[in-house]
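Here is the structure we will look at, set down as C-alpha cells.
Written out as C-alpha cells, the structure reads:
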C-alpha cells in the first residue's frame, strides 16, 4: 500500500506541483506600485493639524500626499471622482456627500466650530434684516447650514432671501465690493472680513447643535488602508499641540493671514484631541450626525436620507488599544 | 550510488532548461527595468511639458481677469499628480503667488525647494520659451507667462517632478514580471522532468530489461511500441537478437564441423599478427596450446622454426600489401617428430570491400611428406644401386670388351686383314662408351655426397653433360662451402642435376652455369642456361622432374624461383635459396654411401 502511494507520488507529484505553480503564475497579481494616500485639505483651523504633521515630515513614512484645495466643494468633487482618498468636511458637508450616494466613513473628529462658521456682513445689523437681501453662499458648505439655521431662528426661510452662489474664498471680495449684502462663510474668511470691518450676524456658537469637522474617507479607501488612516488620525493630534513658530508662519501664509490672525481663527474652533476631556466619542458623534442630518432635512437643505455616513473613529480605537 | 541521479539524462536536460530559463528571466528582468525607467521618464517629460504649458496659459488668463482664487484651485489640482513634488507660480519679482503647497505663498523662489530653477526661470522669461530639463532625480518644467491685467509683467509656472523612486517602481514591476515567469519556468522544468521520466527514463529501463533478457539467452523479445527513436532502438535491438538467433542456428553445423575437422582454421587481425580465432585442431596441428594465445598473441609463431619465421612474416605482409592468396609449406619445430604443414592464407573482406581480416587453413601434410621422403630415399637408393651396378659390372665388362677388341684389332693387323681397322674402331667406341657409362654411374651415385661435399659431385655432373650432351657446363663456387649434411647435399645436387639435365635435354642448351654462394645465412644456388626460354611457369608445371624438385626444395625449407630468358637477357635462371641452418645439421646418413671414384 505504501509502495503504491510512493509510486503515485513519484508519478504525479511533480505534475501536481507544476499545476500549482502554473495556477499561481496565472493568478499572480500584476505590478503593485504603492500609491500614496491622498488627502484633500482646504483652509481653516481644522486643517492645521494635518498640514503641521505633513510639513513636519511626521507622515513621510505613510506615503501621504496632501492636496491643498481652496474650497470644500472642490475637495468633495475630488473625492467623489476618486482623485483623493479622503478630505476634511463638516458633518453637514459629509451628510450631503452621503446623500449624493457616495459612501463615506468618518474616521476622526477634528474640532468643533466655535464661531468658525458665520453669516457676515458690513452693513446689515441682524439676521432679521436679511429678508430680501443678497447673500453669498457656497451651497454645499457648512456655512450654508449656518445660514439656514440662522434664518430659521430669525423667523425667515431661505426662499425669503436672494442666494448668490459663490466659492468660499470669493465671499470676502464679494462682500467687500458690495456685490452682496451678506455672506455665509467660514474661517479663515471670517477673520479676513472682520479685519475689513465686517461683523458676524450669526455664527456656529448660536446653533442649537455643534458643527463638527471630521476626517472623511471613501468607504473603499477606508477598507483598503485602514491602518494608514489610523496613523493619520492619531498623528495629527500631536501636531496640533506642537505648532512651532515656523509652522505657524507657514500656515498663516497659505491662508493669507498674519500669525496673529491665524491664532484668532484658531480661537473659533475647539480642537478635538485623541485623549482627554476634549475627545469625541463615537456615540456623541453619532448623535450629532443624526441631529445635523435631521436639521438639514427640516430646513430643506436636503431631502430625506436613508443612510448616514459610517463612523469609525480610528484615533479613539488606536487610543483604546 | 550517491548522487547517481545527477548523472541521469533526465536531470541534465532539466537542469539545462532551468539554467537556460533562469538566464532568460534574468536578462528579461534587467531589460524590463531599463525599459520601465525609460518609459516612465518619457511619460513624465511629456506630462511635465503638457501640464506646465497648460498651467502657463491658465495662469495668464486668470491673472488678466484677477481670479486669483481660481488660480489657487487650478494649482491645487496639479497636486493630484503623484509625481509632482511641488508646483509654483511666481511673479516678475520671483515671489510665489500660488503653490501646490500654499505655505510657500508669498516667499521668494529662492526660499522654496525649487530654488535651483531661478536661473532657468530668468532664462525662460527672457527668451519667452518654456523648457523641460531632466536630471538624475528630478524633471523640472519652467514655462513663462504674462502677469497682470495688461499682461505686461513676466511670471512663470514651475513644476518640479520627482522620479528618483521610479527605480524602485521599476524593480517592483520587474519582480512582478519575473515571479510568474519563474513559476512557469519551474513548472516547465517539473513537467519536463516528469515527461522525461515517462518518455525516456522508463523506456530506457525497459530496453535495459530487454538487454538483460538477451544476456540470459532470451531471443523472443517484444520491442517497445511507437515510432520514436527509442522505439526504433528497441525494435532494432529486438530484430538484432532474432537475427543473432538465426545466425546461431545456422552456425551450429559449422561449429560442429570446426570442432571435428582435423585441419586448422585461423583468422587474424589486420593490425597485428595476433590470432582472432583458431579452431580446436590448433593444438593437434600446430602443437601449441590455445590458452597460450590469450596471454601471448605471438605464441603461434614459436612453433615455426626460426629459419622459417621470416618466410611466414613475409607471407603475411604480402597479404596485407594486397596479395590475395599465399601458400607456404612449413616444417614446424616440434621436438618429438618432424612435422610438416601446408598453409594457405587469404584475405577476408567486408561487404563494402574493406579488408576485414586475414584467415587461413593449415593442413597437416606430415604423413604425405614422410611418404615422399621415403620414396625419394628409395629412389636415391635405387640410383646408387644402379650406379654401382653400372660401375662395377657394366663398366668392367665394357672395359674387358674394349681390351678384347684391341687385341683382336692387333691380331688382324698382323695378318693384314682388312677388318683390323673396323675392329680397332670398335675398340675405340667401346672406350668412349665405357667413359660415358662410368659418368652415368657417377651421376646416379655421386661421390662425396655422403660426406656433405657438393663441389665434387657437381664437377662430375659437368663431365657427364659434356660427355652425354656435349654441353659446356661450368661450376663456380665463390668460397669453400661448409660441409653439408648428406641428405641436404643430396637434395641440392639432385636439384642442380635435374635443372642442368633438363636444360641440356629439353632446352637444347649449349652452356650451363652452376653458381654456389653463401649470402647471410642462405646457400644460394643459381643454375643458368642459354637454352630455349622456360615455357610458362615452371614452378606450376605438372612434370615429374619439377615435382621432385619441389619436394626437395620443401624438404630443405628452401625457395626456388624461375626467370625465363628475355630479349634483353638470353639466359634462363633458376635460383634456389636454402637456409644454412637446414643444410649444415649433421645427421647420420640414412642412405647408402655414394660410389667412390
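Chains as they are written, first to last, in this note's numbering: chain L, 1 to 321; chain D, 1 to 597.
Where is the CB? At the ideal position from N, CA and C, for every residue including glycine.
Distance, Cα to Cα, residue 434/D vs residue 395/D? Translated into the one-based positions of the second chain, residue 434/D becomes position 434. Translated into the one-based positions of the second chain, residue 395/D becomes position 395. Going by the C-alpha atoms only, they are around 6 Å apart.
At a Cβ threshold of 9 Å, is residue 89/D touching chain L? By one-based count along the second chain, residue 89/D stands at place 89. Answer no: the Cβ-Cβ gap between residue 89/D and chain L never drops below 9 Å.
Can the beta-carbon of residue 36/L be found less than 9 Å from the beta-carbon of residue 64/L? The count along the first chain starts at 1 and reaches residue 36/L at position 36. The count along the first chain starts at 1 and reaches residue 64/L at position 64. Yes, Cβ-Cβ distance for residue 36/L and residue 64/L is below 9 Å.
By Cβ distance, which residues of its chain are closer than 6 Å to residue 206/L, with the 5 residues on each side in sequence left out? The residue you call residue 206/L lines up with position 206 of the first chain. Closer than 6 Å at Cβ, skipping near neighbours: no residue.
Backbone secondary structure at residue 518/D - three-state DSSP: Position 518 of the second chain holds residue 518/D. DSSP places residue 518/D in strand when its eight states are reduced to three.
Output the distance between the C-alpha atoms of residue 518/D and residue 413/D, rounded to the nearest integer angstrom. Counted from its first residue, the second chain places residue 518/D at position 518. Counted from its first residue, the second chain places residue 413/D at position 413. Approximately 58 Å, taken between the alpha carbons.
Return no unless some Cβ of chain L is closer than 9 Å to the Cβ of residue 104/D. Walking along the second chain from the start, residue 104/D turns up at place 104. With 9 Å as the cut-off, residue 104/D counts as an interface residue toward chain L.
Residues near residue 403/D by beta carbon distance below 7 Å, same chain, minus five either side: Along the second chain, read from residue 1 onward, the residue named residue 403/D stands at position 403. There are no such residues.
Of the residues 124/D, 319/D, 352/D, 165/D, which one's Cα is nearest the Cα of residue 145/D? Translated into the one-based positions of the second chain, residue 145/D becomes position 145. Out of 124/D, 319/D, 352/D, 165/D, 124/D has the C-alpha closest to the C-alpha of residue 145/D.
Can you tell me the Cα-Cα spacing of residue 92/D and residue 180/L, whole angstroms? Position 92 of the second chain, counting from 1, holds the residue named residue 92/D. Position 180 of the first chain, counting from 1, holds the residue named residue 180/L. Near 33 Å, if we compare the C-alpha coordinates of residue 180/L and residue 92/D.
Distance check for residue 195/D and residue 10/L, CA to CA, integer angstroms please. Here residue 10/L corresponds to residue number 10 of the first chain, with the count starting at 1. Here residue 195/D corresponds to residue number 195 of the second chain, with the count starting at 1. One C-alpha to the other measures close to 12 Å.
Between which two residues does the beta strand (DSSP E) holding residue 296/L run? Taking the first residue of the first chain as position 1, residue 296/L is located at position 296. Run containing residue 296/L: none in the beta strand (DSSP E); it sits in the alpha helix (DSSP H), 282-298.
Would residue 442/D and residue 457/D be called neighbours here (beta carbons separated by less than 9 Å)? Counting from 1 along the second chain, the entry for residue 442/D is found at position 442. Counting from 1 along the second chain, the entry for residue 457/D is found at position 457. For residue 442/D and residue 457/D, yes; Cβs fall inside 9 Å.
Quick check on this structure: which residue in 275/D, 464/D, 319/D has the alpha carbon closest to the alpha carbon of residue 300/D? To locate residue 300/D, count along the second chain from 1; it is residue 300. Of the candidates 275/D, 464/D, 319/D, the one whose C-alpha sits nearest the C-alpha of residue 300/D is 275/D.
Which of helix, strand or coil DSSP assigns to residue 133/L: On the first chain, residue 133/L is found 133 positions in, with the first residue counted as 1. Note: residue 133/L maps to coil in three-state DSSP.
Nearest neighbour of residue 109/D, chosen from 405/D, 101/D, 88/D [CA to CA]: Numbered from its first residue, the second chain carries residue 109/D at position 109. Comparing Cα positions, the closest option is 88/D.
Cα-Cα separation, residue 567/D to residue 248/D: Translated into positions along the second chain, residue 567/D becomes position 567. Translated into positions along the second chain, residue 248/D becomes position 248. For residue 567/D and residue 248/D, the distance between alpha carbons rounds to 59 Å.
If I measure Cβ to Cβ from residue 328/L and keep anything under 8 Å in the same chain, skipping five residues before and after, which residues do I get? Only positions 1 to 321 of chain L appear in this structure, which leaves residue 328/L out of reach.
Our contact map puts residue 214/L next to residue 184/L with C-beta atoms below 8 Å; I'd like the distance itself, whole angstroms only. For the purposes of this step, residue 214/L is identified with residue 214 of the first chain, where counting begins at 1. For the purposes of this step, residue 184/L is identified with residue 184 of the first chain, where counting begins at 1. With a Cβ gap of about 20 Å, residue 214/L and residue 184/L do not count as contacting.
Taking the alpha carbon of residue 329/D as the point to measure from, which residue in 198/D, 508/D, 206/D, 553/D has its own alpha carbon closest? Within the second chain, numbered from 1, the residue matching residue 329/D stands at position 329. The shortest Cα separation from residue 329/D among 198/D, 508/D, 206/D, 553/D belongs to 553/D.
Tell me the DSSP secondary structure of residue 595/D in three-state form. On the second chain, residue 595/D is found 595 positions in, with the first residue counted as 1. In this prediction, residue 595/D scores a pLDDT of 37, lower than 50, which makes its location untrustworthy; the coordinate-derived value is nonetheless stated afterwards. If DSSP states are grouped into helix, strand and coil, residue 595/D belongs with coil.
Residue 173/D and residue 31/L - do their beta-carbons sit closer together than 9 Å? One-based indexing of the first chain puts residue 31/L at position 31. One-based indexing of the second chain puts residue 173/D at position 173. Yes.
Min CB distance residue 30/L to chain D below 9 Å: Taking the first chain and counting its residues from 1, the one referred to as residue 30/L is at position 30. Yes, its Cβ sits closer than 9 Å to a Cβ of chain D.
Residue 79/L, enclosing beta strand (DSSP E) - first and last residue: Numbered from 1 along the first chain, position 79 holds the residue referred to as residue 79/L. From DSSP, residue 79/L is part of no beta strand (DSSP E) but of the alpha helix (DSSP H) over 72-80.
Can you look up residue 472/D in the DSSP assignment and give me helix, strand or coil? The count along the second chain starts at 1 and reaches residue 472/D at position 472. Strand at residue 472/D.
Whole angstroms is fine: what's the gap from residue 193/L's alpha carbon to residue 172/L's? Taking the first chain and counting its residues from 1, one reaches residue 193/L at position 193. Taking the first chain and counting its residues from 1, one reaches residue 172/L at position 172. One C-alpha to the other measures close to 6 Å.
So that I know if they touch, is there some Cβ in chain L lying closer than 9 Å to that of residue 220/D? In the second chain, residue 220/D corresponds to position 220, counting from 1. It does not: the Cβ of residue 220/D has no partner Cβ on chain L nearer than 9 Å.
Rounded Cβ spacing between residue 454/D and residue 493/D (contact assumed at less than 8 Å): In the second chain, counting from the first residue as 1, residue 454/D sits at position 454. In the second chain, counting from the first residue as 1, residue 493/D sits at position 493. Rounded, the Cβ-Cβ distance is 6 Å, consistent with contact.
Report the neighbours of residue 193/D on chain L: residues whose CB is nearer than 8 Å to its CB, in chain order. In the second chain, residue 193/D corresponds to position 193, counting from 1. The contacting residues are 14.
Decide if residue 169/L is buried, meaning its Cβ has at least 16 other Cβ atoms within 10 Å, or exposed. For the purposes of this step, residue 169/L is taken as the residue at position 169 of the first chain. With 16 or more Cβ atoms within 10 Å of its Cβ, residue 169/L is classed as buried.
State the Cα-Cα distance for the pair residue 299/L and residue 317/L, rounded to the nearest angstrom. Taking the first residue of the first chain as 1, we reach residue 299/L at position 299. Taking the first residue of the first chain as 1, we reach residue 317/L at position 317. If I take the Cα positions, the gap works out to 34 Å.
So what's residue 609/D in DSSP terms, helix, strand or just coil? Outside the displayed range of chain D (1 to 597) lies residue 609/D, so it cannot be described from this structure.
For residue 217/D, count neighbouring C-beta atoms within 10 Å of its own C-beta (all shown protein chains included) and say buried if the count is 16 or more, exposed if not. What you label residue 217/D is simply residue 217 of the second chain in a count that begins at 1. Exposed, because fewer than 16 other Cβ atoms sit within 10 Å of the Cβ of residue 217/D.
Host alpha helix (DSSP H) of residue 423/D (start-end): The sequence position of residue 423/D within the second chain is 423, counting from 1. Note, residue 423/D: alpha helix (DSSP H), 420-444.
Applying a beta-carbon distance threshold of less than 9 Å, which residues of chain D neighbour residue 69/L? Taking the first chain and counting its residues from 1, the one referred to as residue 69/L is at position 69. What residue 69/L touches in chain D: 72, 73, 76, 77, 79.
Runs of 3 residues minimum, wholly inside the region 51-117 of chain D: which ones carry the beta strand (DSSP E) assignment? 84-90, 96-99
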